[in-house]
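To keep things clear, I will list the structure first and then write my remarks on it.
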Amino acid sequence: AQKVTQAQTEISVVEKEDVTLDCVYETRDTTYYLFWYKQPPSGELVFLIRRNSFDEQNEISGRYSWNFQKSTSSFNFTITASQVVDSAVYFCALRPFTGGGNKLTFGTGTQLKVEL
Amino acid sequence: DTAVSQTPKYLVTQMGNDKSIKCEQNLGHDTMYWYKQDSKKFLKIMFSYNNKELIINETVPNRFSPKSPDKAHLNLHINSLELGDSAVYFCASSHTFRDYAYNEQFFGPGTRLTVL
Numbered sequence: 017a018q019k020v021t022q023a024q025t026e027i028s029v030v031e032k033e034d035v036t037l038d039c040v041y042e043t044r045d046t047t048y049y050l051f052w053y054k055q056p057p058s059g060e061l062v063f064l065i066r067r068n069s070f071d072e073q074n075e076i077s078g079r080y081s082w083n084f085q086k087s088t089s090s091f092n093f094t095i096t097a098s099q100v101v102d103s104a105v106y107f108c109a110l111r112p113f114t115g116g117g118n119k120l121t122f123g124t125g126t127q128l129k130v131e132l
Numbered sequence: 039d040t041a042v043s044q045t046p047k048y049l050v051t052q053m054g055n056d057k058s059i060k061c062e063q064n065l066g067h068d069t070m071y072w073y074k075q076d077s078k079k080f081l082k083i084m085f086s087y088n089n090k091e092l093i094i095n096e097t098v099p100n101r102f103s104p105k106s107p108d109k110a111h112l113n114l115h116i117n118s119l120e121l122g123d124s125a126v127y128f129c130a131s132s133h134t135f136r137d138y139a140y141n142e143q144f145f146g147p148g149t150r151l152t153v154l
């Protein structure tokens, strides 16, 4: 069975602070994918990043960075110099590399509030 | 040039009614999905179709029936609506899992269903 845990239900920060969203996962698969999605107040789900389990290289995209650590089954997401527009619910998700019908297992999400 | 579209965006109906939600994607994907997001924002897959073939049916009541007339469309029909069906329903699409390089799922804007 696959499981994704986002222990932080809600985080509030002041603009320009850095913030890290935690994601811990469980799977019996040796190869898999991890994803982050953003759900702003408007409600749509926006794809942010995909990471393969065999590629542990960290990734940076502008103010966003992701730290994948297979040894601790974690895929954390850091926003540097947060902005009000970053306010959203962020979901971490897990998917088998093959099989499982492409099924995404989502975490419960972390509500990020960035205030002025 | 909307990638994944859903209609309607809002659906308010009485208990016991039958309703449909339509989904279309113009990304050339061959796999489509339905997800349900409950009031606590928890996202769970309901169905997955690959090339019009049902791949995942995730213990959803048989009052829910997906219909895929072609690869670009996956509609969701719900019979005898119940109060507990109130949720946001998201359609998504992706390339088939075999094409691992580009397999992230892209989501529609969601349909907020309210059953009174």
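Keeping their order, the protein sequence lines are chains A and B.
Residue numbers 17 to 132, in the numbering used here, belong to the letters of the first sequence in order.
Residue numbers 39 to 154, in the numbering used here, belong to the letters of the second sequence in order.
Even glycine gets a Cβ: it sits at the ideal position worked out from N, Cα and C.
At 8 Å on the CB atoms, spell out the chain B contacts of residue i, in chain order.
i, result
"residue 119(A)", "83, 86, 94 and 96"
"residue 105(A)", "79"
Three-state secondary structure (DSSP) at residue i?
i, result
"residue 117(B)", "coil"
"residue 123(B)", "helix"
"residue 88(A)", "helix"
"residue 141(B)", "coil"
Give me whichever residues DSSP pairs with residue i in a beta bridge.
i, result
"residue 127(A)", "26(A) and 105(A)"
"residue 94(B)", "86(B)"
"residue 51(A)", "66(A) and 109(A)"
"residue 40(A)", "21(A) and 90(A)"
"residue 111(B)", "62(B) and 108(B)"
"residue 132(A)", "Answer by DSSP bridge pairing: none, since residue 132(A) is not bridged."
In the DSSP assignment, find the unbroken beta strand (DSSP E) run with residue i in it and report its ends.
i, result
"residue 57(B)", "57-63"
"residue 77(A)", "75-77"
"residue 107(B)", "102-108"
"residue 33(A)", "Premise fails: residue 33(A) is in no beta strand (DSSP E) and is neither H nor E."
"residue 119(A)", "Looking at the DSSP string, residue 119(A) is not in any beta strand (DSSP E), and its letter there is neither H nor E."
"residue 53(B)", "First-last for residue 53(B): undefined, no H or E at that position."
"residue 96(A)", "No beta strand (DSSP E) contains residue 96(A), which DSSP labels as neither H nor E."
"residue 149(B)", "149-153"
Would you please state the rounded distance, in angstroms, between the beta carbons of residue i and residue j? I believe it to be under 8 Å.
i, j, result
"residue 84(B)", "residue 112(B)", "Contact flag wrong, Cβ pair sits at about 11 Å."
"residue 33(A)", "residue 147(B)", "In fact, because the Cβ distance is near 30 Å, the residues do not count as touching under 8 Å."
"residue 144(B)", "residue 63(A)", "6 Å"
Closer than 8 Å by beta-carbon distance: list the chain A residues that pair up with residue i, in chain order.
i, result
"residue 126(B)", "59"
Along chain A, which residues have their Cβ under 7 Å away from the Cβ of residue i?
i, result
"residue 142(B)", "51, 63 and 66"
"residue 148(B)", "59 and 60"
"residue 132(B)", "118"
Please check if any C-beta of chain C sits within less than 7 Å of the C-beta of residue i.
i, result
"residue 102(B)", "Protein chains A and B are contained in the structure displayed, whereas chain C is not."
For residue i, which residues in chain B fall below 7 Å Cβ to Cβ?
i, result
"residue 122(A)", "81"
"residue 125(A)", "79"
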